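Chains as they are written, first to last, in our numbering: chain A, 592 to 737; chain B, 592 to 737.
There are 2 protein chains.
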Amino acid sequence: MRQVETLGELDRSMGYVLKQASAALRSAMEEVLLPLQLTMPQYACLELLSRRSGQSSAELARGAFVTRQSMNQVLRGLHDRGLLTRPAVAARGRALPTQLTPEGVARLQVASAAVVGVEQRMVASLTADDQQRLLRHLATCAHALS
Amino acid sequence: MRQVETLGELDRSMGYVLKQASAALRSAMEEVLLPLQLTMPQYACLELLSRRSGQSSAELARGAFVTRQSMNQVLRGLHDRGLLTRPAVAARGRALPTQLTPEGVARLQVASAAVVGVEQRMVASLTADDQQRLLRHLATCAHALS
DNA sequence: TGCCTCATGTCAGCATCCTGACATATACTG
DNA sequence: CAGTATATGTCAGGATGCTGACATGAGGCA
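Below you can see the structure in the form of structure tokens.
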């Protein structure tokens, strides 16, 4: 494959370049998560729970950009593997608060380190200021379309 | 839903914010493409063909970040709707060069205008310089992970 | 109180995308 | 020339995610 084909106008399109970066990140993350027996949504679920414990399936779904149904399937898989706990019945309302088990925390620590490595590799050639700018601009873009 | 929940550390993660922006863009694009009877990969395919005509399914697949098989399915749908043409047999090698029909060009013009509108809305609150910076930084990130 | 709205969990069905495999056509290499 | 490697198209099967629908629980309001 040639390096950039014709270096066409696509590289001027914000949408295309954003998709390109996102696809590259996803691919790289799946690569490092595969040996850890974790898929992308599974890792996202564990990460979200580590940031704030006791979230419901619907909350996790919004945080991971999937539907409630998909997140529920993810939660079952992680529950069956003993990485998190869910009450069988809701103590209040219908939400079932989820928590990481020690095994889940341990697994996440390894995975998180690998993912951080990928992120650092992604922005390695940017200065600290540019990284902050990029972070801020991306957040602005996301907010503008919400 | 509260605005940003706890405004947690997730907003400091480059990967998360990138995914957030990408998801928002995809959602917004699907919203404007739905009335035009076009899905995301279908639009990407048409756009790629308008940039460079005669591309094979495999080339289009790489450009749209999907597999050859998925792109082949997309091409069939667009071919059945008369938006593009493919030779039944390869004139040389195995590649089947694809071209847009006038109907395909017309449909793409409308879709492209809608998508450009979405992209402009996304970066509306950024200065021209910041837009160029964002474009350049995203390309750098994508290249670093390839 | 009764009613309405909203959020959550869950089930069934469908659409989409991918992995694995195979045949074919071209280019390269000994 | 024969063998290998690479690229393309295609088929079959499975995995994943989504839409639509329903029941349940909480909160707000006349």
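The beta-carbon is built from N, C-alpha and C at its ideal position, and this holds for glycine as well.
No experiment lies behind these values; they were computed from the predicted model shown.
Residues of chain B whose Cβ lies closer than 8 Å to the Cβ of residue 611(A) are, in chain order, 656, 729, 730, 733. Taking a 10 Å sphere around the C-beta of residue 638(B), we find 16 or more other C-beta atoms and assign the residue as buried. In this structure, the CA atom of residue 621(A) is about 29 Å from the CA atom of residue 646(B). The straight-line gap separating the alpha-carbon atoms of residue 654(A) and residue 616(B) is approximately 16 Å. The beta-carbon distance between residue 702(B) and residue 634(B), rounded to whole angstroms, is 5 Å. This is short enough to meet the 8 Å contact definition.
When the beta-carbon positions are compared, residue 605(A) and residue 714(B) come within less than 8 Å of each other. Interface criterion not met: the Cβ of residue 665(A) is under 8 Å from no Cβ in chain B. With fewer than 16 other CB atoms across the displayed protein chains lying within 10 angstroms of its CB, residue 718(B) is exposed. Scanning the region 673-733 of chain B for uninterrupted alpha helix (DSSP H) segments of 4 residues or longer gives 693-713, listed from N- to C-terminal end.
Contacts with chain A at 8 Å (Cβ-Cβ) include residue 737(B). Using a 10 angstroms sphere on the CB of residue 689(B), the tally of other CB atoms reaches 16 or more, which defines it as buried.
Put simply, the CB of residue 705(A) is far from chain B, with every gap to its CB atoms at 8 Å or more. The beta carbon of residue 696(A) does not come within 8 Å of any beta carbon belonging to chain B, so the residue lies off that interface. By the rule that beta-carbons nearer than 8 Å mark a contact, residue 716(A) touches chain B. Among the residues of the region 601-634 of chain A, those with a Cβ less than 9 Å away from any Cβ of chain B are 601, 602, 603, 604, 605, 606, 607, 608, 609, 610, 611, 612, 613, 614, 615, 616, 617, 618, 619, 620, in the order of the chain.
Here the alpha carbon of residue 656(A) sits roughly 44 Å from the alpha carbon of residue 683(B). Less than 8 Å divides the Cβ of residue 641(B) from the Cβ of residue 699(B). A residue is called buried when at least 16 other Cβ atoms come within 10 angstroms of its Cβ; residue 675(B) meets this threshold and is buried. Counting along the chain, residue 671(A) sits inside the alpha helix (DSSP H) bounded by residues 659-671.
At a cut-off of 8 Å between beta carbons, residue 721(A) contacts chain B.
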